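Engineer: When we follow our numbering, the leftmost residue of the sequence shown carries the number 1367, and every step to the right adds one.
Every residue, glycine too, gets a C-beta built ideally from N, C-alpha and C.
Small disclaimer: the values here were computed from a predicted structure and weren't measured.
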Amino acid sequence: MLDTNRVRADFPILQREVHPGVPLVYLDSAASSQKPLPVIEAMNAYYRQTHANVHRGIHRLSEDATNAYEDARRRIARFINAPDPAGVIYVRNATEAINLVAYSWGRANIAAGDEILLTQMEHHANLVPWQMLAQEKGAVLRYLPFLPDGTLDLAQLPALLSEKTRLFAFTAMSNVFGTLTPVRALVDAAHSVGALALVDGAQSVPHLPVDVQALDCDFLVFSGHKMCGPTGIGILYGKRALLEAMPPFMGGGDMIRRVTLEGATWNELPYKFEAGTPAIAEAIGLGVAVDYLTGLGMDNVHAHEQLITSYALEALSEVGGLRLLGPPAGLKGGVAAFTLQGLHPHDIAQLLDEDGVAIRAGHHCAMPLHHILGINASARASFYVHTTTAEIDRLVESLERAKRVFRI
Ligand code: 7TS
């Protein structure tokens, strides 16, 4: 089990007051997590002592920077049990990773009439790149629906998969419902018709153990900033044979083997997909974030969030007029999205901010999900390693105050 007091001491931002005398209750980790000291200090130390460009100079600093950058890649690979660090590509975030696959693999492999299967609960990052690809190629998008409780309607899966399906791209955890999807079963279903499986791990990799070999997924994408790491760094994991066969995404330095005025040949993996000077400090920071999470133990992280989520769902269900979105505790990760009768989610978030409680309000980049529910927006509290039951109590008290202020 996590010692929350000790964990909280690792996050300097949790000490701050957001208004005079009002301490921060940070319940927006699903949008972006806060950063523990080891990550902040590692990036600081890198800039103070080690910075130079990677893979270029033969001077000492460049060698040190390159070693730190590549060492982080090996640690990230181990974190998701990737068989080979060459299959772990540094990108900016989950969004860029999906766009990379859509441009590179998609443009080489998708033709008119081909089908791509998504779900109705995807983040826009796992919708829009496929819509753009389908429009360009004349491909067809299909959607696996969700049930009223926010779980996937798996009974419809066989009818949506066929020999026309080239890819099934789905989230491992909904950023609104919190639903944990049966990833291995969905991957197997895709493979059974010869399709590839892309897993959006933006919400799962930060919160539970993820093993790409056990899942057998073809691609996994995630963002560093949601898992104690810095912004500007994310990961595309891909099976080596697929990545080898894919054309580059962007051209430039580092991704080439040889350039003439007539053309170029491509560098080996992972560099083929890492054009230009990369986010070096951020990659190193993500390596330290992964060490930090590994030190806590991903099983402990998941167990802590399950406890907090159960407590939060129970407490929120006592608030009159509040409607929780998504499945019950046990079927979801650390997310509680809700609506409150008579109060717009933006008003809720604003009132809560006066009490120092930071939540997100809006469509959470999942407009189709909200449209299907018949609402424009929701409020969302999300939890992480430092969340306590006392903070959940503050959330509930603040909601009750919001109701009093608006006389509902
Ligand atoms: N996929 C899922 C499931 C997400 O939750 C997010 C971000 C992304 C992809 C995109 O990640 P990015 O780092 O490339 O932006 N989700 C959210 C959210 O729920 N609130 O803010 C960002």
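(1) Taking the beta strand (DSSP E) that P1601 falls in, what are its first and last residues?
(2) For the ligand 7TS, which residues count as neighbours when the test is a C-beta closer than 5 angstroms to any heavy atom?
(3) Does the Cβ of M1367 have 16 or more other Cβ atoms within 10 Å, making it buried, or fewer, making it exposed?
(4) Determine the extent of the alpha helix (DSSP H) in which G1651 is found, giving its start and end residues.
(5) Within the chosen definition, does the stretch 1420-1440 reach the stretch 1757-1765 through at least 3 CB pairs nearer than 8 angstroms?
(6) What does the alpha-carbon distance come out to for the pair H1668 and G1629?
(7) Which parts of the stretch 1711-1752 are runs of the beta strand (DSSP E), unbroken and 3 residues or longer, counting only runs that do not cross its ends?
(8) Taking only runs that begin and end inside the stretch 1438-1523, name each unbroken beta strand (DSSP E) of 3 or more residues, in chain order.
(9) Can you tell me whether DSSP reads H1385 as helix, strand or coil?
(10) Counting C-beta neighbours from all protein chains within 10 Å, is the total for Q1579 16 or more, i.e. buried, or is it exposed?
(11) Given that a residue counts as buried once 16 or more other Cβ atoms are within 10 Å of its Cβ, and exposed if not, what is T1631?
(12) Is K1605 closer than 7 angstroms to D1577 when the C-beta atoms are compared?
(13) Have a look at the DSSP bridge pairing and note the partners of G1539.
(14) Do you know offhand how far N1492's Cα is from K1698's?
(15) Rounded to a whole number of angstroms, what is the C-alpha to C-alpha distance between R1372 and L1691?
(16) How do the stretch 1387-1405 and the stretch 1744-1752 stand: do at least 3 beta-carbon pairs fall below 8 angstroms, yes or no?
(17) Kindly indicate which residue of E1462, V1771, H1737 has the alpha-carbon position closest to the one of I1601.
(18) Under 6 angstroms Cβ to Cβ from S1676, same chain only, skipping five residues before and after it: list those, please.
(19) On the CB-based measure, 16 or more other CB atoms within 10 Å of its CB, does L1427 come out buried or exposed?
(20) So for F1588, helix, strand or coil by DSSP?
(21) Measuring alpha carbon to alpha carbon, tell me which of P1524, G1686, F1543 ends up nearest L1739.
(22) Rounding to the nearest angstrom, what Cα-Cα distance links Y1750 and G1700 in this structure?
(23) CB V1656 to CB F1512, shorter than 7 angstroms?
(24) So A1802 and D1566 are in contact, right, with Cβ under 8 angstroms, and what is the actual spacing, rounded?
(25) Can you grab the Cα-Cα spacing for the pair L1709 / S1399, in whole Å?
(26) Taking the beta strand (DSSP E) that I1622 belongs to, which residues open and close that run?
(27) Buried or exposed for V1771, please, with buried defined as at least 16 other CB atoms from any protein chain shown within 10 angstroms of its CB.
(28) Do P1402 and F1377 count as a contact pair if the criterion is CB distance below 7 angstroms?
Structural biologist: On the basis of the data shown:
(1) Position 235 of the sequence shown holds residue 1601. First, the amino acid is wrong: residue 1601 is Ile here, not Pro. Taken as a continuous stretch (DSSP letters only), the beta strand (DSSP E) holding I1601 covers 1600-1604.
(2) Having a Cβ closer than 5 angstroms to some heavy atom of the ligand 7TS are A1396, A1397, N1459, A1460, T1461, H1489, A1491, T1537, N1541, D1566, A1568, Q1569, S1589, H1730.
(3) The residue labelled residue 1367 in the question sits at position 1 within the sequence shown. M1367 should be labelled exposed.
(4) Indexing the sequence shown from 1 puts residue 1651 at position 285. Counting along the chain, the alpha helix (DSSP H) containing G1651 begins and ends at 1646-1662.
(5) Counting Cβ pairs under 8 angstroms, fewer than three are found: no touch.
(6) Start at 1 with the first residue of the sequence shown, and residue 1668 comes out as number 302. Start at 1 with the first residue of the sequence shown, and residue 1629 comes out as number 263. Roughly 49 angstroms separates the two Cα atoms.
(7) List check, beta strand (DSSP E) in window: 1726-1728, 1744-1748.
(8) List check, beta strand (DSSP E) in window: 1454-1457, 1481-1485, 1506-1510.
(9) Taking the first residue of the sequence shown as 1, we reach residue 1385 at position 19. Three-state result, H1385: strand.
(10) Position 213 of the sequence shown, counted from the start, is the residue given in the question as residue 1579. With fewer than 16 Cβ atoms within 10 Å of its Cβ, Q1579 is classed as exposed.
(11) By 1-based counting over the sequence shown, the position of residue 1631 is 265. Result: exposed.
(12) As a first step, residue 1577 must be located in the sequence shown, where it is residue number 211. As a first step, residue 1605 must be located in the sequence shown, where it is residue number 239. Not in contact: D1577 and K1605 (Cβ atoms no closer than 7 angstroms).
(13) Here residue 1539 is taken as the residue at index 173 of the sequence shown, counted from 1. In the sequence under discussion, the amino acid at residue 1539 is Met, which differs from the Gly named in the question. Bridge pairing for M1539: L1546 [DSSP].
(14) Within the sequence shown, the letter at position 126 stands for residue 1492. Within the sequence shown, the letter at position 332 stands for residue 1698. The alpha-carbon of N1492 is positioned some 20 angstroms away from that of K1698.
(15) As a working note, residue 1372 is residue 6 in the sequence shown. As a working note, residue 1691 is residue 325 in the sequence shown. Roughly 32 angstroms separates the two Cα atoms.
(16) Yes, the stretch 1387-1405 touches the stretch 1744-1752.
(17) For the purposes of this step, residue 1601 is identified with residue 235 of the sequence shown, where counting begins at 1. Nearest option by C-alpha distance: E1462.
(18) Translated into positions along the sequence shown, residue 1676 becomes position 310. Result list for S1676: A1695, in chain order.
(19) Position 61 of the sequence shown, counted from the start, is the residue given in the question as residue 1427. Classification of L1427: exposed, given that the 10 Å Cβ count is below 16.
(20) As a position in the sequence shown, residue 1588 is number 222, starting the count at 1. If DSSP states are grouped into helix, strand and coil, F1588 belongs with the strands.
(21) Walking along the sequence shown from the start, residue 1739 turns up at place 373. In this structure, F1543 is the residue among P1524, G1686, F1543 with its C-alpha nearest to the C-alpha of L1739.
(22) Here residue 1750 refers to the residue found at position 384 of the sequence shown. Here residue 1700 refers to the residue found at position 334 of the sequence shown. A straight line joining the alpha-carbon of Y1750 with that of G1700 spans about 7 angstroms.
(23) In the sequence shown, the residue the question calls residue 1656 occupies position 290. In the sequence shown, the residue the question calls residue 1512 occupies position 146. Between V1656 and F1512, the gap from beta carbon to beta carbon reaches 7 angstroms or more.
(24) The requested residue 1802 does not occur in the structure, where the chain is confined to residues 1367 to 1774.
(25) The residue given as residue 1709 occupies position 343 in the sequence shown. The residue given as residue 1399 occupies position 33 in the sequence shown. Distance between the alpha carbons of L1709 and S1399: 27 angstroms.
(26) Counted from its first residue, the sequence shown places residue 1622 at position 256. Element bounds for I1622: 1622-1625.
(27) One-based indexing of the sequence shown puts residue 1771 at position 405. It counts as exposed.
(28) Position 11 of the sequence shown, counting from 1, holds the residue named residue 1377. Position 36 of the sequence shown, counting from 1, holds the residue named residue 1402. Result yes, Cβ atoms of F1377 and P1402 sit closer than 7 angstroms.
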